[in-house]
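Protein chains in written order, with the UniProt record's numbering: chain A, 1 to 348; chain B, 1 to 348.
Here is the structure we will look at, set down as structure tokens.
There are 2 protein chains.
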Amino acid sequence: MEKTEGPAAARGRNRPPSQADVAALAGVSSQTVSRVANNRSNVEPETRDRVLSAMRILGYQRNSAARALTLGRFQVLGVVTFDVTAQGNARTLAAISRAAQRAGYSLNVVCVEDQTEEAVQQAVRQLTEQAVDGLVVIEAQILDRPGFNVSSGVPVVVADGDPERRFPSVDTDQAAGAAAATRHLLDLGHRTVWHLGGPQDSYAARRRAAAWHAALKAAGAPVPPLRFGDWTAASGYGIGRELAARPDVTAVFAANDHLALGLVRALHEAGRRVPEDVSVVGFDDLPESAYYLPPLTTVRQDFEEVGRECVAQLLRQIESPGESPTASVAVTPELVLRASTAPAPTAR
Amino acid sequence: MEKTEGPAAARGRNRPPSQADVAALAGVSSQTVSRVANNRSNVEPETRDRVLSAMRILGYQRNSAARALTLGRFQVLGVVTFDVTAQGNARTLAAISRAAQRAGYSLNVVCVEDQTEEAVQQAVRQLTEQAVDGLVVIEAQILDRPGFNVSSGVPVVVADGDPERRFPSVDTDQAAGAAAATRHLLDLGHRTVWHLGGPQDSYAARRRAAAWHAALKAAGAPVPPLRFGDWTAASGYGIGRELAARPDVTAVFAANDHLALGLVRALHEAGRRVPEDVSVVGFDDLPESAYYLPPLTTVRQDFEEVGRECVAQLLRQIESPGESPTASVAVTPELVLRASTAPAPTAR
DNA sequence: CAGCTTGGACCCCCTCGCAGC
DNA sequence: CGCTGCGAGGGGGTCCAAGCT
Chain A
1 MEKTEGPAAA
11 RGRNRPPSQA
21 DVAALAGVSS
31 QTVSRVANNR
41 SNVEPETRDR
51 VLSAMRILGY
61 QRNSAARALT
71 LGRFQVLGVV
81 TFDVTAQGNA
91 RTLAAISRAA
101 QRAGYSLNVV
111 CVEDQTEEAV
121 QQAVRQLTEQ
131 AVDGLVVIEA
141 QILDRPGFNV
151 SSGVPVVVAD
161 GDPERRFPSV
171 DTDQAAGAAA
181 ATRHLLDLGH
191 RTVWHLGGPQ
201 DSYAARRRAA
211 AWHAALKAAG
221 APVPPLRFGD
231 WTAASGYGIG
241 RELAARPDVT
251 AVFAANDHLA
261 LGLVRALHEA
271 GRRVPEDVSV
281 VGFDDLPESA
291 YYLPPLTTVR
301 QDFEEVGREC
311 VAQLLRQIES
321 PGESPTASVA
331 VTPELVLRAS
341 TAPAPTAR
Chain B
1 MEKTEGPAAA
11 RGRNRPPSQA
21 DVAALAGVSS
31 QTVSRVANNR
41 SNVEPETRDR
51 VLSAMRILGY
61 QRNSAARALT
71 LGRFQVLGVV
81 TFDVTAQGNA
91 RTLAAISRAA
101 QRAGYSLNVV
111 CVEDQTEEAV
121 QQAVRQLTEQ
131 AVDGLVVIEA
141 QILDRPGFNV
151 SSGVPVVVAD
161 GDPERRFPSV
171 DTDQAAGAAA
181 ATRHLLDLGH
191 RTVWHLGGPQ
201 DSYAARRRAA
211 AWHAALKAAG
221 APVPPLRFGD
231 WTAASGYGIG
241 RELAARPDVT
251 AVFAANDHLA
261 LGLVRALHEA
271 GRRVPEDVSV
281 VGFDDLPESA
291 YYLPPLTTVR
301 QDFEEVGREC
311 VAQLLRQIES
321 PGESPTASVA
331 VTPELVLRAS
341 TAPAPTAR
């Protein structure tokens, strides 16, 4: 009796080949095919070869839906993020993607558009329903929504800080970075340092501002009024115009590089030179920040490390669900000195 | 007889509730639960309410793996991309995400790190195996790998051009943008326009270069040698230093805004003013390009539209598999005039 | 009979076709 | 005809028993 045409193979033609089809072609049972597909050891080499070549002939790919159904795991990590257009988020995402891929997971990404609680909630619902083994949430604002919660007991890791510490988180050490930036300017002899903050609803922005404030206090420097922008060059420019008009501003720490860029343009238009008249420090260290005019002194974030740690933490939670997850991991940023800072103008 | 504790509910405790659990609690069969979950009309309102409240009590979420298994569809779109860190890719991705979400699909994203054929192939394999209903490939280079093919008959759309037209594609009209940039500079009285190209293996970069070349020819302008960079400000700076050394360079069209940024810095360092001595045009229109010094004249790409069209095309293919897919869609970019271009220096 | 490979039964959860009231 | 339930897959994994050496 010919075995090459089992019932499964005969059933339908343009349907992806199943284990049963491979089994029929190889003249074995589908369980043996399963063993081969999963690289089990207890298969006769000769049998394995027959199965493997049958797989190749048929172009067999295992059906992840069926697999997920029986295993109860999906080999998929969910990522919720605002605005991948922001460099920081994009780089964190890229790093997460790399780390996930190395671990054999793929990524289900949802970019939340509106910063409304409902939008976030829907994204999470979609993701957990779409079957993920764990969730990375990039950007803490998302968690500020009081309604945010993950119903289904899916492990969660937060990148970029979780103000209420409800979840394990991985984050750049914002405080260390902001303090380094502020002290650097103070050390250059500036009487004080102004701060151009990020959006007020960003936890990262708030922590940078707080650390700037603390550094000023610690140094006994006066604390100038604080203004919040929204991470864009446009808002850096808008607020920058006000700062440029004040002659007592000689040093500004901007909460990110784009804000710094807008600020520099505003200063330039007002006839105030950077760094001769005003020193500027950014935050992020975008690849292009070294090519701004002048090249920007800034705080470099190690997004790669943040992404890698997120995935590592998540996998740990997934693989040993019992254990209480590690608390927070802080990744230390690094001050990169370039040409946008200089000693305070002597005068006065 | 109490129905609230059916066999299914008793079987295991910390397993997500299934239809059977809901059915047991509501005192109906699981098929009825299915009907309610899928919003079918043929359910008695009173029954539906009972089921709905049972769902709420149990926190029921439907199991997408099982659903996908029976339906043969996953409600997931795969995205393959190089480097989300590149603004263009990130913005396309964001747009795709939005469009997909609106259509009720989620996104399985793979960022390919190395530009090797193997890496790409593996990404595609992972994605098709991970069960996607369709595939968007961002950045044409991926397709240049001769080995690239999608085995499993999954619909594919290419964003950013498909040189060999093997797949339907959606793309910015690179030629129109590059021609507009070149003509703009020519119209300002420059004898000719130099081009600072993107990476040679990028189809978009090649098309921009070709259109620049054609525009010069059409205008009877001499064609200066062409140099290829790699999209980064760093390479713009490197090549920019060479260009800055040549006094006959008075107008440069850079293949993207980051290249233009590096170029401007190089010109600045060489003491050549932009736009008084040299005019520069970029490509992309990043949000921060308006805040460069000087604000950059550039070609604005409508990434939003590209993403939206990709998803639309893909869904069309998915929903009516028979039809031959539409060929290519071109999205027209727009020249944005700012302060980095000026009439050719009179002299000579 | 120990130790190996192999196959049969059953379950995962949901949806569809059909039958029953 | 309206609403509901039964049974059968859909593809693959685990448990356990059967067959072989």
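The beta carbon of each residue, even a glycine, is placed where N, CA and C say it ideally should be.
Please classify residue i as buried or exposed, where buried requires at least 16 other C-beta atoms within 10 Å of its C-beta.
i: T298/A; result: buried
i: P45/A; result: exposed
i: L267/B; result: buried
i: D133/A; result: buried
i: D49/B; result: exposed
i: A181/B; result: buried
i: G282/B; result: buried
i: P343/A; result: exposed
i: Q31/B; result: exposed
i: R40/B; result: exposed
i: A219/B; result: exposed
i: N42/B; result: exposed
i: R207/A; result: buried
i: D114/A; result: exposed
i: S29/A; result: exposed
i: R191/A; result: exposed
If the cut is a Cβ gap below 7 Å, which residues of chain A does residue i touch?
i: L93/B; result: V84
Run through chain B and tell me which residues come within less than 8 Å of residue i, C-beta to C-beta.
i: Q130/A; result: S64, Q75, V76 and S106
So for residue i, helix, strand or coil by DSSP?
i: L337/A; result: coil
i: W194/A; result: strand
i: S202/A; result: coil
i: G104/B; result: coil
i: A175/B; result: helix
i: S169/A; result: strand
i: G282/A; result: coil
i: F228/B; result: strand
i: F253/B; result: strand
i: V158/A; result: strand
i: R98/A; result: helix
i: S328/B; result: strand
i: A8/B; result: Confidence in A8/B is poor, its pLDDT being 36 and thus under 50, which makes the residue's placement too unreliable to answer from.
i: L25/B; result: helix
i: F303/A; result: helix
i: L127/B; result: helix
i: V51/B; result: helix
i: L296/A; result: coil
i: V264/A; result: helix
i: V76/A; result: strand
i: V136/B; result: strand
i: T32/A; result: helix
Note down, in chain order, every chain B residue with its Cβ under 9 Å from the Cβ of residue i.
i: V109/A; result: V79, L93, S97, S106, L107, N108 and V109
i: P287/A; result: T85, T232, A233, A234 and H258
i: Q19/A; result: By Cβ distance, chain B contributes nothing, its closest Cβ being about 13 Å from Q19/A, past 9 Å.
i: L69/A; result: N63, A65, A66, A68 and L69
i: E113/A; result: A94, S97, R98 and Q101
Looking at C-alpha atoms only, which residue of the options is the closest neighbour of residue i?
i: D285/B; options: G271/B, L261/B, P321/B and P275/B; result: L261/B
i: I138/B; options: S340/B, V311/B, E323/B and A327/B; result: V311/B
i: R195/A; options: A214/A, L188/A and N38/A; result: The sequence shown places His at residue 195/A, not Arg. Nearest of A214/A, L188/A and N38/A to H195/A, Cα basis: A214/A.
i: V223/B; options: V252/B, T232/B, E242/B and A99/B; result: V252/B
i: L69/A; options: Q317/B, L296/B, S279/B and P16/B; result: P16/B
i: S18/B; options: A66/B, S340/B and Y292/B; result: A66/B
i: Y60/A; options: A99/B, A103/B and E129/B; result: E129/B
i: N108/A; options: L77/A, N89/A, R40/A and Q115/A; result: L77/A
i: P295/B; options: V264/B, P321/B, R165/B and D302/B; result: V264/B
Whose Cβ in chain A lies nearer than 9 Å to the Cβ of residue i?
i: Y237/B; result: A290 and Y291
For a contact meaning CB atoms closer than 8 Å, what does residue i contact in chain A?
i: E309/B; result: The contacting residues do not exist; E309/B stays about 18 Å from chain A at best.
Identify the contact partners of residue i in chain B, using a Cβ-Cβ distance below 7 Å as the criterion.
i: A90/A; result: V84, T85 and A90
Proximal residues, the stretch 210 to 238 of chain A versus chain B, C-beta separation under 9 Å
T232, A233, A234, G236 and Y237
At a CB distance below 8 Å, what residues from the stretch 252 to 277 of chain A approach chain B? Give them in sequence order.
H258, L261, G262, V264, R265 and H268
Note down, in chain order, all residues in the stretch 295 to 319 of chain B with a beta-carbon under 7 Å from any beta-carbon belonging to chain A.
none
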